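Step one of this worksheet: look at the structure below.
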Amino acid sequence: MNLDNIRIVLVNTNTPGNIGGVARAMKNMGLSRLYLVEPREYPHEEATWRAASAGDVLDSAVVTATLEEAIADCQFVVGTSARGRRIPWPLLDPRKCAERLDGVSDDQEVAILFGREDRGLKNEELQACNLHLNIPTSEDYSSLNLAMAVQVVCYELRMLLSADSLPKAEDEEWDSPFTTREQMELFYEHLEQTLIDVEFLNPTAPRQLMARLRRLYSRVRLDEMELNILRGILTETQKRIKGIR
Numbered sequence: 001m002n003l004d005n006i007r008i009v010l011v012n013t014n015t016p017g018n019i020g021g022v023a024r025a026m027k028n029m030g031l032s033r034l035y036l037v038e039p040r041e042y043p044h045e046e047a048t049w050r051a052a053s054a055g056d057v058l059d060s061a062v063v064t065a066t067l068e069e070a071i072a073d074c075q076f077v078v079g080t081s082a083r084g085r086r087i088p089w090p091l092l093d094p095r096k097c098a099e100r101l102d103g104v105s106d107d108q109e110v111a112i113l114f115g116r117e118d119r120g121l122k123n124e125e126l127q128a129c130n131l132h133l134n135i136p137t138s139e140d141y142s143s144l145n146l147a148m149a150v151q152v153v154c155y156e157l158r159m160l161l162s163a164d165s166l167p168k169a170e171d172e173e174w175d176s177p178f179t180t181r182e183q184m185e186l187f188y189e190h191l192e193q194t195l196i197d198v199e200f201l202n203p204t205a206p207r208q209l210m211a212r213l214r215r216l217y218s219r220v221r222l223d224e225m226e227l228n229i230l231r232g233i234l235t236e237t238q239k240r241i242k243g244i245r
């Protein structure tokens, strides 16, 4: 995946603030090439302040009079579409689209098109694309702000790019070894005795207290440092009880 070969193309954007929001969304995810096809108002101070620290993306944005100019040198074009079309076209969600672009963007120019805030891309604009991209949303409210839509797509591209550096499991980069079964059994013995010492547990009528506490601690995986902290608390509690007595 080469993000430098991917350009975000906004077609006839109505609100300059959305342009700034898109620039910020792009920079968050490591994309920098923004193309603006006949924006209604640009440059504009609203775009500048909405971009926050992504002013460099705005400064390098390419403004064109037509979509043809914006994508003329591209080998692969994706068009975002919020609705079904009369003529079926290859259609992917953002994650599958990112996977499709992986490799393509290594040596080819790629454009991802986003249409007008109120009506998206026209049919003839979508017909200039190799595939269409749809962001699944709730049926109760399917409207996405332009910057939000760009953020979703750029996020999936970033995730694919960063896949090799992300932990493969939740505990892959843990800072302390996890406890063994033997260590946990010693902890439960220590916990039970402490609860007896503070008279919270009646050994003659234990009911299901220890079973429930076992279930509680079994829902998480304690590491050795965490277990040492808990046992240290129990030890100090026992010392205080003995001192009082």
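The sequence shown begins at 1 in UniProt numbering and counts up one residue at a time.
Beta carbons: idealized from backbone N, C-alpha and C, even for Gly.
All values derive from a computational prediction rather than experimental measurement.
Spatial distance of residue i from residue j (CA atoms)
i: L101; j: L58; result: 24 angstroms
i: D164; j: R181; result: 32 angstroms
i: E224; j: E192; result: 19 angstroms
i: N127; j: S218; result: Here residue 127 turns out to be Gln, not Asn, going by the sequence shown. Computed Cα separation, rounded: 56 angstroms.
i: D93; j: N228; result: 47 angstroms
i: C154; j: T179; result: 40 angstroms
i: P125; j: N28; result: Contrary to the premise, residue 125 reads as Glu rather than Pro in this sequence. Whole-angstrom Cα-Cα distance: 28 angstroms.
i: E199; j: T235; result: 15 angstroms
i: S32; j: P88; result: 32 angstroms
i: L91; j: G120; result: 16 angstroms
i: R215; j: V78; result: 51 angstroms
i: N123; j: A52; result: 34 angstroms
i: Q108; j: G30; result: 18 angstroms
Segment limits, alpha helix (DSSP H) that includes residue i
i: R40; result: Segment: none, R40 is in no alpha helix (DSSP H) and carries neither H nor E.
i: V152; result: 146 to 161
i: Q183; result: 181 to 197
i: W89; result: Looking at the DSSP string, W89 is not in any alpha helix (DSSP H), and its letter there is neither H nor E.
i: M26; result: 16 to 28
i: P94; result: 94 to 101
i: K227; result: The question names Lys, yet the displayed sequence has Leu at residue 227. Note, L227: alpha helix (DSSP H), 224 to 244.
i: L58; result: 55 to 59
i: R50; result: 45 to 51
Residues sharing a beta bridge with residue i, DSSP
i: V11; result: V37
i: T64; result: V37
i: P131; result: The sequence shown places Leu at residue 131, not Pro. BP columns for L131 point to V78.
i: G120; result: R116
i: L216; result: Looking at the DSSP assignment, L216 forms no beta bridge with any residue, so it has no partner.
i: A111; result: R7, V77
i: F178; result: D223
Classification of residue i by the beta-carbon crowding that lies within 10 angstroms, buried from 16 upward
i: A147; result: buried
i: Q151; result: buried
i: T80; result: buried
i: P16; result: buried
i: G21; result: buried
i: T204; result: exposed
i: G103; result: exposed
i: S162; result: exposed
Beta strand (DSSP E) segment containing residue i, residue limits
i: V77; result: 76 to 80
The ligand SAM heavy atom lying under 7 angstroms from the CB of residue i
i: E189; result: In terms of ligand content, the structure shown is empty, and the ligand SAM therefore cannot be addressed.
Within 8 angstroms, strictly: CB atoms of residue i and residue j
i: L157; j: A70; result: no
i: I112; j: I6; result: yes
i: M1; j: L133; result: no
i: P39; j: N12; result: yes
i: V37; j: L3; result: no
i: R95; j: A54; result: no
i: S138; j: A82; result: no
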